[in-house]
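Colleague: I have a structure I would like to understand better, so I am pasting it below and will then ask my questions one at a time.
2 protein chains.
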Amino acid sequence: MINKLVNDIKKKEAPIVVGLDPTLKLVPEWVLEKNYKEYGENLKAVGEAIFEYNKAIVDAVADLVPAVKPQIAMYEQFGIEGMIAFKKTVDYCKEKDLTVIADIKRGDIGSTSEAYALGHLGHVNINGKSFAGFDEDFATVNPYLGVDGIKPFIDVCAKEKKGIFVLVKTSNPSSGEFQDRLIDGKPLYEEVAMKVKEWGESLMGDEYSYVGAVVGATYPEMGAYLRKVMPKNYILVPGYGAQGGTGKDLKAFFNEDGLGAIINSSRGIIGAYKQEKYARFGEKNYYDAARQAVIDMKEDIKNAL
Amino acid sequence: MINKLVNDIKKKEAPIVVGLDPTLKLVPEWVLEKNYKEYGENLKAVGEAIFEYNKAIVDAVADLVPAVKPQIAMYEQFGIEGMIAFKKTVDYCKEKDLTVIADIKRGDIGSTSEAYALGHLGHVNINGKSFAGFDEDFATVNPYLGVDGIKPFIDVCAKEKKGIFVLVKTSNPSSGEFQDRLIDGKPLYEEVAMKVKEWGESLMGDEYSYVGAVVGATYPEMGAYLRKVMPKNYILVPGYGAQGGTGKDLKAFFNEDGLGAIINSSRGIIGAYKQEKYARFGEKNYYDAARQAVIDMKEDIKNAL
Chain D
-15 MINKLVNDIK KKEAPIVVGL DPTLKLVPEW VLEKNYKEYG ENLKAVGEAI FEYNKAIVDA
45 VADLVPAVKP QIAMYEQFGI EGMIAFKKTV DYCKEKDLTV IADIKRGDIG STSEAYALGH
105 LGHVNINGKS FAGFDEDFAT VNPYLGVDGI KPFIDVCAKE KKGIFVLVKT SNPSSGEFQD
165 RLIDGKPLYE EVAMKVKEWG ESLMGDEYSY VGAVVGATYP EMGAYLRKVM PKNYILVPGY
225 GAQGGTGKDL KAFFNEDGLG AIINSSRGII GAYKQEKYAR FGEKNYYDAA RQAVIDMKED
285 IKNAL
Chain L
-15 MINKLVNDIK KKEAPIVVGL DPTLKLVPEW VLEKNYKEYG ENLKAVGEAI FEYNKAIVDA
45 VADLVPAVKP QIAMYEQFGI EGMIAFKKTV DYCKEKDLTV IADIKRGDIG STSEAYALGH
105 LGHVNINGKS FAGFDEDFAT VNPYLGVDGI KPFIDVCAKE KKGIFVLVKT SNPSSGEFQD
165 RLIDGKPLYE EVAMKVKEWG ESLMGDEYSY VGAVVGATYP EMGAYLRKVM PKNYILVPGY
225 GAQGGTGKDL KAFFNEDGLG AIINSSRGII GAYKQEKYAR FGEKNYYDAA RQAVIDMKED
285 IKNAL
């Protein structure tokens, strides 16, 4: 999948991933009402509304971007019905030939991480038959438990030709609370980055590793440094747009070849219709607003590089 | 819930939580076959088999223990059908008046952690009506993202009178890779523990805080130290039994009052029928083997304290 992702980034000239993070505040009122009418005011209706909302956005942007990143928490909050909407979204995006980066931030002791890896990227074996649980292409992984929690993901990735992005330096304001603390003079996130480099060397694609890193757009100086620490690991960069990262901050995350980073925008794209800049599209055409926001983001990144 | 948990631990004289971590290797062949016959060899059958397996174990141990801890990964690996089995397990355990500690190890940036917190411990609001997604009593939380990722859980806990256990020192062999690294002369896990103490002070129950910590039974010396760092925070202790922690290792995790820790055993109880010690029960009566293993574990802990 890393080769496909890199090739699609080149082909579409878009190092961009659309964050499919639907919330009840982002789904237009008319989409919600339509589904409330059909299913009642309940979790089922919300799950259906979320999928409908996602589907129209995916249809509108699929030719422009290589990948989507559904944030599973935004589905999980609605229980089983939310999880069904998540799974339908994953399947639909794959039908559209998009790479699906599942933002799940899982990580546990070995046997448990193996279960997560099998469920999200691999297959379980039932009496000799093989079944996929969620079947995404990439997953984000939390490193706090050390290599025990990462290795099972890497093993499954090796078998399935899939990939992970390990949290190194997250985009949130308090990410420094533990991640920036100095260990032998080096911040914890750098220690993690050095491990990501090491883990990644064992699973290389054509140009980049199947093991990538998450580094927030909100920390461009650290991004510039981490880019050098992990030259062959793709960096997934959240925090652009709504969280405060800007186009000019992004250059630092890329290599000289113009590759090596993929920038996520969630609310900035899927909620574009709520911004004054895109108000002309109206709530009815939220997906056209999303498409225009992707075009503008491409331009912003192109200018920055 | 922390008051109920502490009271039930006292009442049942059992600082024990049964880990409901079903895998295809643990579910007896006859339970699987029965469900394959009914539903076919597929994920649905596995979900049903898992719930049937859990239900009989819960029936057999509910009068002996205060709490259960389903590890969500073991369900998530089977996709939507697994998640349905998870939800049915949570609901059934609550019907049986057991406290449900969901081992989910979630943690993300603020808005995303809020979604996890609402989905697992709280309620979402749909047009003025309130719905619970998974509705567990406690959840385990990963601290790597700092307070941003913890605060939304604490806010939901305050509203719902529920609780969390923050990963401090995990039970796995490589937990030291990052958690033991020294920051200003103190290991990272101690930094996290000091934060758990601080966060916990803002949300106290009668004797203990709604904010607890996870510290592995496999590290009793660190447990003894961390016990003193966080005197008012309950410690959830995994790693007893199958992972290598023994009864005599456990004393360190308790306060002078005999409280302050709750010991998890998963495979050691739910897979007891596979051990030579409990072979007399046979595969057919796996739940009776589980009951005997709980009785023996109670005795082991009593002797250690």
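These protein sequences, in sequence, are chains D and L.
Counted the way our numbering counts, the first sequence spans residues -15 to 289.
Counted the way our numbering counts, the second sequence spans residues -15 to 289.
Note that CB positions come from ideal geometry on N, CA and C, so glycine has one too.
If we count the other Cβ atoms within 10 Å of its Cβ and call it buried at 16 or more, is I134 (chain L) buried or exposed?
Modeller: Taking the second sequence and counting its residues from 1, one reaches residue 134 (chain L) at position 150. Buried, since its Cβ has 16 or more Cβ neighbours within 10 Å.
Colleague: Measure from the C-beta of P157 (chain D) to each C-beta in chain L and report whether the shortest distance is under 8 Å.
Modeller: Counting from 1 along the first sequence, the entry for residue 157 (chain D) is found at position 173. Output row for P157 (chain D): interface = yes.
Colleague: With 8 Å as the C-beta to C-beta threshold (strictly closer), list the residues of the stretch 55 to 83 of chain L near chain D in chain order.
Modeller: Listed by position along the chain: Q55, A57, M58, E60, Q61, F62, G63, I64, G66, M67, I68, K71.
Colleague: Distance cutoff 8 Å, beta carbons only. Does D132 (chain L) sit that close to anything in chain D?
Modeller: Along the second sequence, read from residue 1 onward, the residue named residue 132 (chain L) stands at position 148. Chain D contact via Cβ: present.
Colleague: Over the uninterrupted alpha helix (DSSP H) stretch that includes P204 (chain D), give me the two end residues.
Modeller: Position 220 of the first sequence, counting from 1, holds the residue named residue 204 (chain D). Counting along the chain, the alpha helix (DSSP H) containing P204 (chain D) begins and ends at 204 to 213.
Colleague: Candidates D:Y209, D:V(-10), D:M214: which alpha carbon is nearest P50 (chain D)'s?
Modeller: Locating residue 50 (chain D) in the first sequence gives position 66, counting from the first residue. The residue with the shortest Cα to Cα distance from P50 (chain D) is D:V(-10).
Colleague: Cβ of K89 (chain L) less than 8 Å from any chain D Cβ?
Modeller: In the second sequence, counting from the first residue as 1, residue 89 (chain L) sits at position 105. So yes, K89 (chain L) belongs to the interface.
Colleague: Considering only their Cβ atoms, is the gap separating G130 (chain D) from G160 (chain L) smaller than 8 Å?
Modeller: Locating residue 160 (chain L) in the second sequence gives position 176, where the first residue counts as 1. Locating residue 130 (chain D) in the first sequence gives position 146, where the first residue counts as 1. Yes.
Colleague: Could you give the first and the last residue of the continuous beta strand (DSSP E) run that contains P136 (chain D)?
Modeller: By 1-based counting over the first sequence, the position of residue 136 (chain D) is 152. It is not in any beta strand (DSSP E) - P136 (chain D) instead sits in the alpha helix (DSSP H) that spans 131 to 144.
Colleague: What number of angstroms, rounded off, separates the C-alpha of T96 (chain D) from the C-alpha of M58 (chain L)?
Modeller: For the purposes of this step, residue 96 (chain D) is taken as residue 112 along the first sequence, with counting starting at 1. For the purposes of this step, residue 58 (chain L) is taken as residue 74 along the second sequence, with counting starting at 1. Their backbone Cα atoms lie some 7 Å apart in a straight line.
Colleague: Residue range of the alpha helix (DSSP H) that L289 (chain D) falls in?
Modeller: Numbered from 1 along the first sequence, position 305 holds the residue referred to as residue 289 (chain D). Element bounds for L289 (chain D): n/a, residue is neither H nor E.
Colleague: Using 8 Å as the threshold, is the C-beta distance between S249 (chain D) and M281 (chain D) below it?
Modeller: Taking the first sequence and counting its residues from 1, one reaches residue 249 (chain D) at position 265. Taking the first sequence and counting its residues from 1, one reaches residue 281 (chain D) at position 297. For S249 (chain D) and M281 (chain D), yes; Cβs fall inside 8 Å.
Colleague: Under the rule that 16 or more other beta-carbon atoms within 10 Å means buried, what is S193 (chain D), buried or exposed?
Modeller: Taking the first sequence and counting its residues from 1, one reaches residue 193 (chain D) at position 209. Per the 10 Å Cβ criterion, buried.
Colleague: Let me know the alpha helix (DSSP H) ranges lying completely inside the stretch 211 to 264 of chain L, each 4 residues or longer, listed in chain order.
Modeller: Runs found: 231 to 234, 251 to 254.
Colleague: Along chain L, which residues have their Cβ under 7 Å away from the Cβ of K113 (chain D)?
Modeller: One-based indexing of the first sequence puts residue 113 (chain D) at position 129. The answer, in chain order, is E25.
Colleague: Just to confirm before moving on: does the CB-CB distance between R264 (chain D) and A44 (chain D) stay below 8 Å?
Modeller: Your numbering for residue 264 (chain D) matches position 280 in the first sequence. Your numbering for residue 44 (chain D) matches position 60 in the first sequence. No, the pair does not count as a contact, with Cβ atoms beyond the cut-off.
Colleague: Quick check: what's the CA-CA separation for D119 (chain L) versus L4 (chain D)?
Modeller: Translated into the one-based positions of the second sequence, residue 119 (chain L) becomes position 135. Translated into the one-based positions of the first sequence, residue 4 (chain D) becomes position 20. The straight-line gap from Cα to Cα measures roughly 24 Å.
Colleague: Give the DSSP-derived three-state secondary structure of N156 (chain L) in the structure shown.
Modeller: What you label residue 156 (chain L) is simply residue 172 of the second sequence in a count that begins at 1. N156 (chain L) falls in the coil class under three-state DSSP.
Colleague: Against chain D, with Cβ distances strictly below 8 Å, would F162 (chain L) count as a contact?
Modeller: By one-based count along the second sequence, residue 162 (chain L) stands at place 178. Answer yes: the Cβ-Cβ gap between F162 (chain L) and chain D drops below 8 Å somewhere.
Colleague: Helix, strand or coil, according to DSSP, for T7 (chain D) in the structure here?
Modeller: Start at 1 with the first residue of the first sequence, and residue 7 (chain D) comes out as number 23. In this structure, T7 (chain D) counts as coil in the three-state DSSP scheme.
Colleague: Can you name the residues of chain L whose CB is closer than 8 Å to the CB of L102 (chain D)?
Modeller: One-based indexing of the first sequence puts residue 102 (chain D) at position 118. Result: Q61.
Colleague: Closer than 7 Å, Cβ to any Cβ of chain L: which residues of the stretch 217 to 235 of chain D, in chain order?
Modeller: Answer in chain order: no residues at all.
Colleague: Going by DSSP, which residues form a beta bridge with F149 (chain D)?
Modeller: What you label residue 149 (chain D) is simply residue 165 of the first sequence in a count that begins at 1. Looking at the DSSP assignment, F149 (chain D) forms a beta bridge with D:T124, D:G196.
Colleague: Could you compute how far the alpha carbon of V195 (chain L) sits from the alpha carbon of F149 (chain L)?
Modeller: Translated into positions along the second sequence, residue 195 (chain L) becomes position 211. Translated into positions along the second sequence, residue 149 (chain L) becomes position 165. V195 (chain L) and F149 (chain L): Cα-Cα distance of roughly 6 Å.
Colleague: Quick one, which residues of the stretch 127 to 153 of chain L are near chain D if we go by CB-CB under 8 Å, in chain order?
Modeller: Answer in chain order: P127, Y128, L129, G130, V131, D132, G133, L151.
Colleague: In angstroms with no decimal places, state the Cα-to-Cα distance between E240 (chain L) and V176 (chain D).
Modeller: Position 256 of the second sequence, counted from the start, is the residue given in the question as residue 240 (chain L). Position 192 of the first sequence, counted from the start, is the residue given in the question as residue 176 (chain D). So the two alpha carbons sit approximately 38 Å from each other.
Colleague: Could you name the residues of the same chain whose beta carbon sits closer than 7 Å to that of K145 (chain D), not counting the 5 residues immediately before and after it, in chain order?
Modeller: Here residue 145 (chain D) is taken as the residue at index 161 of the first sequence, counted from 1. Contacts found: M(-15).
Colleague: By the 10 Å Cβ neighbour count, where 16 or more other Cβ atoms means buried, how is Y98 (chain D) classified, buried or exposed?
Modeller: Numbered from 1 along the first sequence, position 114 holds the residue referred to as residue 98 (chain D). The sequence shown places Glu at residue 98 (chain D), not Tyr. Flag for E98 (chain D) reads buried.
Colleague: Measure the C-alpha to C-alpha separation of I138 (chain D) and G147 (chain D) and round it to an integer number of angstroms.
Modeller: By 1-based counting over the first sequence, the position of residue 138 (chain D) is 154. By 1-based counting over the first sequence, the position of residue 147 (chain D) is 163. I138 (chain D) and G147 (chain D): Cα-Cα distance of roughly 8 Å.
Colleague: Which chain D residues sit within Cβ distance under 7 Å of V15 (chain L)?
Modeller: For the purposes of this step, residue 15 (chain L) is taken as the residue at position 31 of the second sequence. The contacting residues do not exist; V15 (chain L) stays about 13 Å from chain D at best.
Colleague: Does the beta carbon of D280 (chain D) come closer than 8 Å to any beta carbon on chain L?
Modeller: Residue numbering aside, residue 280 (chain D) sits at position 296 when the first sequence is read from its first letter. For D280 (chain D), the answer is no, since every Cβ of chain L falls outside 8 Å of its Cβ.
Colleague: Under 8 Å, CB to CB, which of the residues in the stretch 170 to 188 of chain D have a partner in chain L?
Modeller: If the cut-off is 8 Å between Cβ atoms, the stretch 170 to 188 of chain D has L172, E175, V176, K179 near chain L.
Colleague: Candidates D:Y37, D:D47, D:A(-2): which alpha carbon is nearest I247 (chain D)'s?
Modeller: Position 263 of the first sequence, counting from 1, holds the residue named residue 247 (chain D). Closest by alpha carbon: D:A(-2).
Colleague: Compare the C-alpha of L234 (chain D) against each of D:P204, D:Y209, D:Q259 and name the closest.
Modeller: Mapped onto the first sequence, residue 234 (chain D) falls at position 250. It is D:P204 whose Cα lies nearest to the Cα of L234 (chain D).
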